[in-house]
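Below: the structure, in structure tokens.
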Amino acid sequence: MNELHCKACVFINDKFPKNGRSMVLNLIFCCAQSSQNNSPNAGVGEKREHLYKILVIGELGAGKTSIIKRYVHQFFSQHYRATIGVDFALKVLNWDPHTIIRLQLWDIAGQERFGNMTRVYYKEAVGAFIVFDVTRSATLDAVVKWKQDLDSKVQLPDGSPIPCVLLANKCDQQKEGLVNSPAKMDEYCKEKNFAGWFETSAKENINIEEAAKFLVNKLKKSASLFAEYRIALVISVRTSPMDLSMTHLRVKT
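For this note's numbering, add 21 to where a residue sits in the sequence shown, where the first one is 1.
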């Protein structure tokens, strides 16, 4: 792929390491395909496609990357490698006979809450998972700070918080603290304005699919709020199919 010359690509080149740019461009290309498939000119009977940007945030070592790998690739590894900055994954759901949903999963490093890049990473997100480790109560204590950071930097068009689901991860292990009482966790989530919570285990594949479906249903209910904010991407394809250039990127308001 040749070097792309547009505002979006300048941003990508400035903000992301070289080895991560191709993933970002792939996500943008998927967004463009989704936009084209939802255009008024789409053929009758074709599937409608929706693209949702989902943040996956929480403390270092809570299991964010493992949850994403389990959900997207049905894979789990005992070997831990800390995420640096942000990583990406794409999950395609055949939601029903008429709908395809693409989930952009943004895996944001635990230490990023202390930096100044989260506002950039959070931009245009429509939903989020906050993950904590049930074996370390300190990671639940930090959930409040992650939620406050999220709510202060990204909102729905009407100003309300984006739907956020709390994941109590590593539930296959000995639990510590509040998570031992489901009733207290229900009260906690209501008080902190979470859409809901799930005990999860990336290792044993517990409640990962269920939590994702729950969040997607919440997103579909609020989708009308984003109709006027739909991202429009125009892709220009030159002679070679590998030579793509983005000529225009804008957000409709």
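Every residue, glycine too, gets a C-beta built ideally from N, C-alpha and C.
Note that the coordinates shown come from a computational prediction; the quantities given were computed from them, not determined experimentally.
Where residue i falls, given that 16 or more other Cβ within 10 Å makes a residue buried
{"i": "Pro178", "result": "exposed"}
{"i": "Gln125", "result": "buried"}
{"i": "Lys74", "result": "buried"}
{"i": "Arg102", "result": "exposed"}
{"i": "Gly148", "result": "buried"}
{"i": "Asn228", "result": "buried"}
{"i": "Ser202", "result": "exposed"}
{"i": "Ala110", "result": "buried"}
{"i": "Asp338", "result": "For the chain, the structure presents residues 22 to 274; residue 338 sits outside this window and is missing."}
{"i": "Val200", "result": "buried"}
{"i": "Lys168", "result": "buried"}
{"i": "Lys68", "result": "exposed"}
For residue j and residue i, believed in contact at Cβ under 8 Å, the rounded distance
{"i": "Ala83", "j": "Gly106", "result": "Between Gly106 and Ala83 the Cβ distance is about 17 Å, and since that is not below 8 Å, they are no contact."}
{"i": "Val280", "j": "Ile183", "result": "Since the first residue of the chain shown is 22 and the last is 274, residue 280 is not available in this structure."}
{"i": "Val313", "j": "Ala232", "result": "Outside the displayed range of the chain (22 to 274) lies residue 313, so it cannot be described from this structure."}
{"i": "Phe97", "j": "Lys224", "result": "5 Å"}
{"i": "Glu80", "j": "Thr156", "result": "Rounded, the Cβ-Cβ distance is 12 Å, inconsistent with contact."}
{"i": "Val175", "j": "Lys144", "result": "7 Å"}
{"i": "Ser158", "j": "Gly198", "result": "3 Å"}
Nearest residue (CA-CA) to residue i, options the options
{"i": "Asp108", "options": "Asp128, Val141 and Tyr92", "result": "Asp128"}
{"i": "Arg91", "options": "Glu230, Gln169, Tyr143 and Gly148", "result": "Glu230"}
{"i": "Ile88", "options": "Lys213, Asn190 and Ala204", "result": "Asn190"}
{"i": "His71", "options": "Ile121, Ser181 and His94", "result": "Ile121"}
{"i": "Lys112", "options": "Val237, Lys242 and Lys241", "result": "Val237"}
{"i": "Leu114", "options": "His100, Lys234, Lys196 and Lys242", "result": "Lys234"}
{"i": "Thr221", "options": "Glu67, Lys68, Lys85 and Leu76", "result": "Lys85"}
{"i": "Leu76", "options": "Lys239, Tyr142 and Tyr209", "result": "Tyr142"}
{"i": "Thr139", "options": "Glu208, Lys166, Ala204 and Ser158", "result": "Lys166"}
{"i": "Thr275", "options": "Trp116, Gln132 and Pro118", "result": "With the chain represented from 22 up to 274, any question about residue 275 goes unanswered, as that position is not in the structure."}
{"i": "Leu188", "options": "Ser173, Cys210 and Ser181", "result": "Cys210"}
{"i": "Phe215", "options": "Ser181, Gln194 and Trp116", "result": "Ser181"}
{"i": "Lys241", "options": "Lys205, His100, Glu208 and Arg123", "result": "Arg123"}
{"i": "Ile78", "options": "Lys239, Ser243, His100 and Leu171", "result": "Leu171"}
{"i": "Ala204", "options": "Gln195, Phe219, His100 and Ser243", "result": "Phe219"}
One or two residues paired with residue i in a DSSP bridge
{"i": "His71", "result": "Ile122"}
{"i": "Ile78", "result": "Ile151"}
Quick check for students: name the residue ranges of the beta strand (DSSP E) that lie wholly in the segment 102 to 189, counting only runs of 3 or more. As far as the segment 102 to 189 is concerned, its whole beta strand (DSSP E) runs of at least 3 residues are 107 to 117, 120 to 129 and 148 to 154.
Threshold first: 4 residues or longer. Then list the alpha helix (DSSP H) segments lying entirely within the segment 196 to 236, N to C. If only uninterrupted alpha helix (DSSP H) runs of at least 4 residues are considered, those enclosed by the segment 196 to 236 are 203 to 212.
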